[in-house]
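Residue numbers (this note's numbering), protein chains in the order written: chain A, 6 to 310; chain B, 3 to 279.
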């Protein structure tokens with residue numbers, strides 16, 4: 006580098022310095038330390054003692070870990086497709102020329118602003134077994150089914166029933182889907198009207214236009230949202246933690262990887278084991294994101310922009 | 003789409019009404035419960051309008067939480083510091099990544115994008131021990147000092163915006179003998195106001211809503227945020243004073259909703275652009 010280049014570089018460094026410091030201390034160091042701790046017995050009060058892969062060996066024999074992993078993946082598997090379908094559906098409705106469009110958009114968006122603490126406490130109340138609003142809506146349907154089919158279906162006690170708690174959380178998540186609705190609506194508004202007009206002239210039905218025009222044109226946006234959704238869903242912590250009053254639900258039905266990391270790190274001060282769990286979580290996120298990207302390369306249509 | 007189909011329009015409108023109603027219902031239920039006497043919260047079938055409005059539920063819930071105004075002050079203080087720190091540092095760094103040419107810039111930017119893949123739960127254990135060794139546990143520092151070190155997502159957002167501003171602006175200023183700092187401060191920042199406002203709003207919301215950070219790093223009750231104080235109340239009370247819990251939840255949501263109503267356009271535009279780019 007000559008003198009001018011060096012000056013140029015020094016000036017640039019002055020600007021990016023805060024990020025460099027942040028990168029070293031808030032990203033690189035903690036990540037490497039996580040790897041090191043995961044190979045150690047570390048109670049946070051004493052110095053880490055090297056154990057080799059003992060934590061990982063323990064982890065694979067730990068049924069609670071498998072429960073946390075399967076809950077985490079199951080939640081992502083249910084919440085993301087349902088949330089995507091609902092938000093695309095609402096965005097398509099909003100994209101029609103109807104009165105009150107702006108008002109409806111605001112209504113759908115508002116729940117996504119609600120802080121996790123209020124959201125969780127509100128839905129604890131909504132999902133209350135005997136007097137919750139959700140069951141009040143569910144009961145008439147069940148009574149009708151029972152009357153017709155002679156069954157005796159009961160409304161579930163959502164958060165106190167190991168078979169239903171995860172579904173309660175999915176429902177809670179669906180209420181907060183408005184953020185995605187706004188993004189999908191913006192994506193829909195960028196699709197050229199001519200495409201629909203041409204398709205309409207060809208005598209297509211609205212459903213055909215949705216499948217062959219809307220979905221392919223929207224696919225880059227869907228892809229981006231699903232990817233962000235995966236990363237977000239896999240680190241779910243606050244809402245289930247608060248829903249269960251700071252625990253993990255009946256039969257650990259609301260125990261997620263992030264919850265289990267938290268328990269080992271800050272309830273049992275078992276930092277080594279917690280770090281091994283953290284790296285597994287990181288691995289799961291990397292693998293699932295990679296799969297999503299691979300799938301995206303095949304299915305996403307980038308011709309539109 | 004230009005031709006109007008009356009039946010299709012009517013069905014669309016009916017569906018929007020139904021879903022709109024479903025999305026609003028939890029809010030109405032929250033406020034309705036917050037104004038009921040305790041016995042009435044458990045009444046079946048429920049009354050949507052309380053038989054008598056129990057406005058005192060609100061001060062009662064605030065008292066149950068402890069020093070409410072201290073918690074509210076902490077939440078506001080942290081949100082304010084995070085907004086200032088994030089906006090200043092992210093804009094400063096984004097300038098270096100967009101308006102200056104230097105060797106290794108693209109490699110560094112790629113590194114910055116990669117850090118977005120590391121979720122907080124993965125690094126929270128070493129961050130905790132790091133802050134403890136710095137003597138920051140027992141203070142509020144872990145929750146605001148890092149915001150002055152430029153978050154990757156906000157740098158990315160602002161860089162994209164800075165790139166859209168014509169290069170000639172900087173060249174002209176440089177020929178006039180402007181220092182790089184003055185170009186940043188007096189030329190670029192004023193032009194970037196809408197983008198900066200978006201970053202500020204998102205950051206305010208993220209800090210106000212944060213739960214895991216305060217849960218891990220705050221050790222003293224006098225430092226608790228509203229979110230943490232409310233969770234402490236919820237997990238310690240015996241029985242279920244739902245009227246108080248709903249009143250407290252409403253109080254935590256209300257500032258966010260008020261902020262939204264004043265800045266709706268920025269919000270919606272910001273979300274739409276971050277999702278599409």
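Just so you know, even glycine gets a beta-carbon here, dropped at the ideal spot from N, CA and C.
Would you mind stating whether residue 249 of chain B and residue 59 of chain B have Cβ atoms separated by less than 8 Å? Cβ distance < 8 Å, so residue 249 of chain B and residue 59 of chain B count as in contact.
Counterpart residues of residue 45 of chain A in DSSP-defined beta bridges: In DSSP, residue 45 of chain A forms a bridge with A:55.
Chain A within 8 Å of residue 91 of chain B, Cβ atoms only: Residue 91 of chain B counts as touching chain A.
Measuring alpha carbon to alpha carbon, tell me which of A:274, A:109 and A:236 ends up nearest residue 51 of chain A. The candidate whose alpha carbon is nearest that of residue 51 of chain A is A:274.
Going by the DSSP bridge assignment, what does residue 139 of chain B pair with across the sheet? Secondary-structure assignment with DSSP links residue 139 of chain B through a beta bridge to B:141.
Runs of beta strand (DSSP E) lying entirely within the stretch 153-239 of chain B, each at least 3 residues, in chain order: Within the stretch 153-239 of chain B, no complete beta strand (DSSP E) run reaches 3 residues.
Please report whether the beta-carbon of residue 34 of chain A lies at a distance below 8 Å from any beta-carbon of chain B. Judged by the 8 Å Cβ criterion, residue 34 of chain A is in contact with chain B.
Hey, does residue 97 of chain B have any beta-carbon neighbour from chain A nearer than 8 Å? Closer than 8 Å to some Cβ of chain A, the Cβ of residue 97 of chain B qualifies, so yes.
Please name the residues in the stretch 134-156 of chain B whose beta-carbon is closer than 7 Å to at least one beta-carbon of chain A, in chain order. Going along the stretch 134-156 of chain B in chain order, one finds 148, 150, 151 and 152 with a Cβ nearer than 7 Å to chain A.
So, with DSSP's three-state summary, where would you put residue 253 of chain A? In the structure shown, residue 253 of chain A falls within a coil segment according to DSSP collapsed to helix, strand and coil.
Residue 15 of chain A versus residue 22 of chain A - alpha carbon distance: Going by the C-alpha atoms only, they are around 10 Å apart.
Below-8 Å beta-carbon distance, residue 38 of chain B vs any chain A residue: Not closer than 8 Å to any Cβ of chain A, the Cβ of residue 38 of chain B fails to qualify, so no.
Residue 182 of chain B: buried (16+ other C-beta within 10 angstroms of its C-beta) or exposed? Answer is buried; the Cβ neighbour count reaches 16.
Report back the beta-carbon spacing between residue 35 of chain A and residue 45 of chain A to the nearest angstrom; my notes put them in contact at under 8 Å. Wrong, their Cβ atoms sit about 15 Å apart, outside the cutoff.
Under DSSP, the alpha helix (DSSP H) around residue 245 of chain A begins and ends at which residues? Residue 245 of chain A -> alpha helix (DSSP H) spans 243-248.
Residue 251 of chain A CB to nearest chain B CB: under 8 Å? Judged by the 8 Å Cβ criterion, residue 251 of chain A is in contact with chain B.
Skipping 5 residues on each side, what residues in its chain have a beta carbon closer than 6 Å to that of residue 93 of chain B? So the qualifying residues of the chain are 160.
For residue 45 of chain B, which three-state DSSP category applies? Three-state DSSP puts residue 45 of chain B in coil, outside helix and strand.
Quick check on the DSSP output: what are the complete alpha helix (DSSP H) runs of length 4 or more inside the stretch 132-206 of chain A, in order along the chain? The alpha helix (DSSP H) runs of length 4 or more contained entirely in the stretch 132-206 of chain A are, from start to end of the chain, 138-154, 170-180, 183-194 and 198-206.
Alpha carbons only, please: which of B:15, B:7 and B:62 is nearest the one belonging to residue 243 of chain B? Out of B:15, B:7 and B:62, the CA that lies nearest to the CA of residue 243 of chain B is found in B:62.
With 9 Å as the limit, tell me which residues of the stretch 202-224 of chain B have their beta carbon closer than that to any beta carbon of chain A; keep them in chain order. Only those residues of the stretch 202-224 of chain B whose C-beta falls short of 9 Å from the nearest C-beta of chain A are listed: 207, 210, 211, 212, 213, 214, 217 and 218.
Pick helix, strand or coil for residue 87 of chain A, following the three-state DSSP scheme. Here residue 87 of chain A sits in helix by DSSP.
Where residue 162 of chain B meets chain E, residues with beta-carbon distance less than 9 Å: Structure shown: chain E not included; protein chains present are A and B.
What residue does the alpha helix (DSSP H) around residue 234 of chain A start on, and which one ends it? First-last of the alpha helix (DSSP H) with residue 234 of chain A: 220-239.
Would you decide whether residue 278 of chain A is buried or exposed? Buried here means 16 or more other CB atoms lie within 10 Å of its CB. Per the 10 Å Cβ criterion, buried.
Taking contact to mean at least 3 C-beta pairs separated by less than 8 Å, is the stretch 246-257 of chain A in contact with the stretch 93-113 of chain B? The stretch 246-257 of chain A is not in contact with the stretch 93-113 of chain B.
Do residue 41 of chain B and residue 52 of chain B have their beta-carbon atoms positioned less than 8 Å apart in this structure? The answer is no: Cβ separation not under 8 Å.
Under 8 Å: do the stretch 102-114 of chain A and the stretch 288-297 of chain A share three or more Cβ pairs, one atom per stretch? Not touching, per the Cβ criterion.
Amino acids of chain B, ordered along the chain, whose beta-carbon sits closer than 8 Å to that of residue 13 of chain A: Annotation: Cβ neighbours of residue 13 of chain A in chain B (cutoff 8 Å, chain order): 102, 103 and 104.
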